[in-house]
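Undergrad: Note that full-length UniProt numbering gives residue 346 to position 346 of the sequence shown, counting from 1, and the numbers run on in steps of one. Ideal Cβ placement from N, Cα and C applies to all residues, glycine included. Every value quoted in this text rests on a predicted model; they were computed, and no experiment measured them. Let me give you the structure first, and then I'll get to my questions.
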Amino acid sequence: MTEVRPTTNGAGVSLIATKSYSTGEIILEEDPLVVLAPTSPSEDEALRKQFQLSGGTQKTIADVELSPDVNADYGGKWRGMIVAAAVYAVRNAAGGAGAGEGNDEEKRKEFLELYHPDLSSPSTDEEKTIVGVARSARTFLVEKCVDGSHASKFARDHGEECLQVMLLWTCNSFEGGAVYGRTSRANHSCDPNAVVRDAAPALGAKSRRRQQLVAACPVSPGDEIFISYLGPLLYAGGPARLSRLRLAKHFACNCSRCAAPDKATAVPCPSCHPRINSRALDEDVQYDDDNDVRYAVPKNAATATVSVRGEACGEASKDAAILTLMNRVSEKVASRIVASEASKKKKAQAAAGKNGKKSKGKTRGGSAQDGDDDDDDDDSSLQSEMDENLLRLASSTLGARHWCTNLLLRSSLERQLSAIHAAMVLGGEPPSIDELAECIDSLQRLWSYADGLGLRMSSAHWLVGVTIGVSRALVGLGDEKSRSYGAEW
Numbered sequence: 001m002t003e004v005r006p007t008t009n010g011a012g013v014s015l016i017a018t019k020s021y022s023t024g025e026i027i028l029e030e031d032p033l034v035v036l037a038p039t040s041p042s043e044d045e046a047l048r049k050q051f052q053l054s055g056g057t058q059k060t061i062a063d064v065e066l067s068p069d070v071n072a073d074y075g076g077k078w079r080g081m082i083v084a085a086a087v088y089a090v091r092n093a094a095g096g097a098g099a100g101e102g103n104d105e106e107k108r109k110e111f112l113e114l115y116h117p118d119l120s121s122p123s124t125d126e127e128k129t130i131v132g133v134a135r136s137a138r139t140f141l142v143e144k145c146v147d148g149s150h151a152s153k154f155a156r157d158h159g160e161e162c163l164q165v166m167l168l169w170t171c172n173s174f175e176g177g178a179v180y181g182r183t184s185r186a187n188h189s190c191d192p193n194a195v196v197r198d199a200a201p202a203l204g205a206k207s208r209r210r211q212q213l214v215a216a217c218p219v220s221p222g223d224e225i226f227i228s229y230l231g232p233l234l235y236a237g238g239p240a241r242l243s244r245l246r247l248a249k250h251f252a253c254n255c256s257r258c259a260a261p262d263k264a265t266a267v268p269c270p271s272c273h274p275r276i277n278s279r280a281l282d283e284d285v286q287y288d289d290d291n292d293v294r295y296a297v298p299k300n301a302a303t304a305t306v307s308v309r310g311e312a313c314g315e316a317s318k319d320a321a322i323l324t325l326m327n328r329v330s331e332k333v334a335s336r337i338v339a340s341e342a343s344k345k346k347k348a349q350a351a352a353g354k355n356g357k358k359s360k361g362k363t364r365g366g367s368a369q370d371g372d373d374d375d376d377d378d379d380s381s382l383q384s385e386m387d388e389n390l391l392r393l394a395s396s397t398l399g400a401r402h403w404c405t406n407l408l409l410r411s412s413l414e415r416q417l418s419a420i421h422a423a424m425v426l427g428g429e430p431p432s433i434d435e436l437a438e439c440i441d442s443l444q445r446l447w448s449y450a451d452g453l454g455l456r457m458s459s460a461h462w463l464v465g466v467t468i469g470v471s472r473a474l475v476g477l478g479d480e481k482s483r484s485y486g487a488e489w
């Protein structure tokens, strides 16, 4: 059971537990108030017909040229706002008020009462920026929609509500544009005590958008319930987390983890372990196999780009060359992680779309589609090579305990395990002992890193997939010793 209360600083509301929850217990379960994205081919077609673009009504919003008054970093947000408002307008005209799943006026009202920046007086720079993006998106709807269309009328005649919908979408939506009445009240923390999961696997397709909020550690009555808005960047350093939250959710985080020493941005202490040409680490320092390297950490997330202090020697380092290198590598890796997650979601959505269509035999487009698959394979191979190069760079300059090294190491391990399992399923050669030893070493390093962050939630939330992957590979070897070791993992 939960209740919504004002936050202690008066800046908004929070979701509070009114009873105790043990780890893994469901706190609440709900269907979305609205889904601000097309949910069927017919809806997708209705959405396309709202626009009159240079490529005709069949051109997608993803292809639309970004308005020159919007920063390229906000291109995805700008286009998403256009889709969200257009979907809302089309469904309103059909009497659905935005959800397309039995929605009513009461749910519409509840949706519009969720958090969004104040249109007339946004309180922070982040809010001012995203309100400006929303105004630009509304202008696009007014100018580019088919005259007399639902989206055109909504943007022109109900401008304030149109802007509200856009901001509500960017601040509150979950996967697939779904917005939930209760879960959306859960604030962010970089050390969350709850996680969100899809309820559909347990409940079936009729509840395919139902979502559960689950305790990730013991929760007591009166505790505020926090979730993470960061995806895999939850395990990143402070600057990457702060940057992502400013861009994606439009606020500056000041949670307890961001105020504490930034363990995820730990680097071998510049005073205790001098570098080669102020850049590369000595190999023994780089890998830290004996756990005897001395590390330096930033005071907190906000200062992580300008200074680190040795944990053993206590010396502060503001070496410009080292810090510049650290920041540049971190920015590259953060961009890569975000792009990789977006690509995974896009491929999953495309696969779901293909599986949802009944086969009607071979069409003229068949060979072109096959060619697209080949292009995807080539692109995946190129991205994997880029990731491996980034991993070598991160490891040699930032060391074994830095978040860049570990997030890239996890991606590398996923690829290794995928190749091993594919070969075993197809009846190929089992992995060599050296291959498995490398996987196990990587997995042990990842567990050590994640546990060292000291988060309230188990590291298994991040590592369950690769841990089971290593276990399956060991069990697949067939001998008793390997199977026993796999069972341990």
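I'd like the span of the alpha helix (DSSP H) that includes ILE27, first residue to last.
TA: Taking the sequence shown and counting its residues from 1, the one referred to as residue 27 is at position 27. Note, ILE27: premise wrong, no alpha helix (DSSP H); beta strand (DSSP E) at 26-30.
Undergrad: Measure the CB-CB distance between ALA216 and ALA194 and report whether it falls below 9 Å.
TA: Position 216 of the sequence shown, counted from the start, is the residue given in the question as residue 216. Position 194 of the sequence shown, counted from the start, is the residue given in the question as residue 194. Cβ atoms of ALA216 and ALA194: closer than 9 Å.
Undergrad: Within the same chain, show all residues whose beta-carbon is closer than 6 Å to that of GLU311, passing over the 5 residues directly before and after it, in chain order.
TA: Counting from one through the sequence shown, the residue named residue 311 turns up at place 311. Excluding residues within five positions, the ones whose Cβ falls inside 6 Å are TYR295.
Undergrad: Is VAL297 closer than 9 Å to ASP270 when the C-beta atoms are compared?
TA: Taking the first residue of the sequence shown as 1, we reach residue 270 at position 270. Taking the first residue of the sequence shown as 1, we reach residue 297 at position 297. Looking at the sequence provided, one finds Pro at residue 270 rather than Asp. Taking 9 Å as the Cβ cut-off, PRO270 and VAL297 do not qualify as a contacting pair.
Undergrad: Under a Cβ-count criterion, where at least 16 other Cβ atoms within 10 Å of its own Cβ denotes burial, should THR170 be classed as buried or exposed?
TA: Here the question's residue 170 lines up with position 170 in the sequence shown. Buried, since its Cβ has 16 or more Cβ neighbours within 10 Å.
Undergrad: Using the beta-carbon count (16 or more within 10 Å), is THR8 buried or exposed?
TA: The sequence position of residue 8 within the sequence shown is 8, counting from 1. Classification for THR8: exposed.
Undergrad: Below 8 Å on the Cβ atoms is my guess for LEU233 versus ILE337; work out the distance and round it to an integer in Å.
TA: Position 233 of the sequence shown, counting from 1, holds the residue named residue 233. Position 337 of the sequence shown, counting from 1, holds the residue named residue 337. So it is a contact: roughly 6 Å between Cβ atoms.
Undergrad: Using CA atoms only, rank isn't needed, just tell me which of LEU15, SER184 and GLY476 is closest to TYR229.
TA: Position 229 of the sequence shown holds residue 229. Closest option to TYR229, Cα to Cα, is SER184.
Undergrad: How big is the Cα-Cα spacing for ASP31 and GLN211?
TA: Position 31 of the sequence shown, counted from the first residue, corresponds to residue 31. Position 211 of the sequence shown, counted from the first residue, corresponds to residue 211. Cα to Cα, ASP31 sits roughly 6 Å from GLN211.
Undergrad: Where ALA17 and LEU33 are concerned, what is the direct C-alpha to C-alpha distance, given to the nearest angstrom?
TA: Residue mapping note: residue 17 aligns to position 17 of the sequence shown, counting from 1. Residue mapping note: residue 33 aligns to position 33 of the sequence shown, counting from 1. Taking the straight line joining both Cα atoms gives about 21 Å.
Undergrad: Which partner residues of GLN212 appear in the DSSP bridge assignment?
TA: Along the sequence shown, read from residue 1 onward, the residue named residue 212 stands at position 212. In DSSP, GLN212 forms a bridge with GLU29 and ARG197.
Undergrad: Can you tell which of LEU47, GLY469 and PRO6 has the C-alpha that lies nearest to the C-alpha of SER152?
TA: If you number the sequence shown from 1, residue 152 lands on position 152. Closest option to SER152, Cα to Cα, is LEU47.
Undergrad: May I have the straight-line CA-CA distance separating ARG62 from ALA320, to the nearest angstrom?
TA: The residue given as residue 62 occupies position 62 in the sequence shown. The residue given as residue 320 occupies position 320 in the sequence shown. Note that residue 62 is Ala in the sequence shown here, rather than Arg. C-alpha separation (whole angstroms): 40 Å.
Undergrad: Please report the Cβ distance between CYS258 and ASN300, rounded to the nearest whole angstrom; I am assuming they are in contact, meaning their Cβ atoms lie under 8 Å.
TA: In the sequence shown, residue 258 corresponds to position 258, counting from 1. In the sequence shown, residue 300 corresponds to position 300, counting from 1. That pair is a contact at about 6 Å.
Undergrad: Of all the options VAL90, HIS150, PRO431 and LEU463, which has the alpha carbon lying nearest to the alpha carbon of LEU477?
TA: Counting from 1 along the sequence shown, the entry for residue 477 is found at position 477. That would be PRO431, whose Cα lies nearest to the Cα of LEU477.
Undergrad: In this structure, does DSSP put ASN187 in helix, strand or coil?
TA: On the sequence shown, residue 187 is found 187 positions in, with the first residue counted as 1. Residue state, collapsed to three classes: strand.
Undergrad: Hey, quick one: how far does the alpha helix (DSSP H) through THR467 stretch, first residue to last?
TA: Taking the sequence shown and counting its residues from 1, the one referred to as residue 467 is at position 467. THR467 -> alpha helix (DSSP H) spans 460-476.
Undergrad: Within 10 angstroms of the Cβ of PHE318, are there 16 or more other Cβ atoms? Answer buried if so, exposed if not.
TA: Position 318 of the sequence shown holds residue 318. In the sequence on display, residue 318 carries Lys and not Phe. Exposed.
Undergrad: Between LEU173 and PHE226, how many whole angstroms is the CB-CB distance? I'm expecting something under 8 Å.
TA: Along the sequence shown, read from residue 1 onward, the residue named residue 173 stands at position 173. Along the sequence shown, read from residue 1 onward, the residue named residue 226 stands at position 226. Contrary to the premise, residue 173 reads as Ser rather than Leu in this sequence. Between PHE226 and SER173 the Cβ distance is about 18 Å, and since that is not below 8 Å, they are no contact.
Undergrad: Taking the C-alpha atoms as reference points, what is the distance between VAL90 and HIS150?
TA: Against the sequence shown, residue 90 aligns to sequence position 90. Against the sequence shown, residue 150 aligns to sequence position 150. Whole-angstrom Cα-Cα distance: 6 Å.
Undergrad: Please return the same chain residues whose Cβ sits closer than 8 Å to the Cβ of GLY399, not counting the five positions on each side in sequence.
TA: Here residue 399 refers to the residue found at position 399 when the sequence shown is read from its first residue. Counting only Cβ-Cβ distances below 8 Å, and skipping sequence neighbours, we find ALA266, VAL267, PRO268, LEU281, VAL285, GLN286, ASP288, VAL293, TYR295 and THR405.
Undergrad: The beta strand (DSSP E) spanning PRO239 covers which residue range?
TA: The count along the sequence shown starts at 1 and reaches residue 239 at position 239. Looking at the DSSP string, PRO239 is not in any beta strand (DSSP E); the run it does join, the alpha helix (DSSP H), is 238-248.
Undergrad: Can you grab the Cα-Cα spacing for the pair SER458 / GLN50, in whole Å?
TA: Here residue 458 is taken as the residue at index 458 of the sequence shown, counted from 1. Here residue 50 is taken as the residue at index 50 of the sequence shown, counted from 1. Looking at the two C-alpha atoms, the distance is approximately 46 Å.
Undergrad: Sort out for me which residues DSSP pairs LEU15 with in a bridge.
TA: As a working note, residue 15 is residue 15 in the sequence shown. Per DSSP, VAL4.
Undergrad: Name, in chain order, the residues that DSSP records as bridge partners for GLU224.
TA: Position 224 of the sequence shown, counting from 1, holds the residue named residue 224. The partner list for GLU224 (beta bridge, DSSP) reads ILE16.
Undergrad: With burial defined as no fewer than 16 other Cβ atoms inside 10 Å of the residue's Cβ, what is the status of residue 490: buried or exposed?
TA: Absent from the model: residue 490. The displayed extent of the chain is 1 to 489, so no value can be given.
Undergrad: Taking DSSP's pairing of strands, which residues face GLY310 in a bridge?
TA: Counting from 1 along the sequence shown, the entry for residue 310 is found at position 310. The partner list for GLY310 (beta bridge, DSSP) reads ALA296.
Undergrad: I'd like the list of long-range same chain contacts for ASP223, defined as Cβ closer than 6 Å, with 5 residues on each side in sequence excluded.
TA: Position 223 of the sequence shown holds residue 223. Taken in chain order, the residues that qualify are ALA17.
Undergrad: Give me whichever residues DSSP pairs with CYS145 in a beta bridge.
TA: Locating residue 145 in the sequence shown gives position 145, where the first residue counts as 1. In the DSSP output, where bridge partners are listed per residue, CYS145 has PHE51.
Undergrad: Let me check one thing: in DSSP terms, what residues is ALA316 bridge-paired to?
TA: Numbered from its first residue, the sequence shown carries residue 316 at position 316. In the DSSP output, where bridge partners are listed per residue, ALA316 has ARG309.
Undergrad: Buried or exposed: GLN164, going by 16 or more other Cβ atoms within 10 Å of its Cβ?
TA: Walking along the sequence shown from the start, residue 164 turns up at place 164. By the neighbour-count rule (16 or more Cβ atoms within 10 Å), GLN164 is buried.
Undergrad: Tell me whether the beta-carbon of VAL214 lies closer than 9 Å to the beta-carbon of VAL196.
TA: To locate residue 214, count along the sequence shown from 1; it is residue 214. To locate residue 196, count along the sequence shown from 1; it is residue 196. Closer than 9 Å, so yes.
Undergrad: Could you compute how far the alpha carbon of residue 516 sits from the alpha carbon of GLU110?
TA: Because the chain spans 1 through 489 in this model, residue 516 falls outside it and cannot be assessed.
Undergrad: Under 9 Å, do ASP262 and LEU455 count as touching if we go by C-beta distance?
TA: Taking the sequence shown and counting its residues from 1, the one referred to as residue 262 is at position 262. Taking the sequence shown and counting its residues from 1, the one referred to as residue 455 is at position 455. It is not a contact, given that the beta carbons lie outside the stated cut-off.
Undergrad: Following the continuous alpha helix (DSSP H) through TRP447, name the residue where it begins and the one where it ends.
TA: Walking along the sequence shown from the start, residue 447 turns up at place 447. Element bounds for TRP447: 433-452.
Undergrad: Measure the alpha-carbon distance for residue 501 versus GLU126 and round it to whole angstroms.
TA: For the chain, the structure presents residues 1 to 489; residue 501 sits outside this window and is missing.
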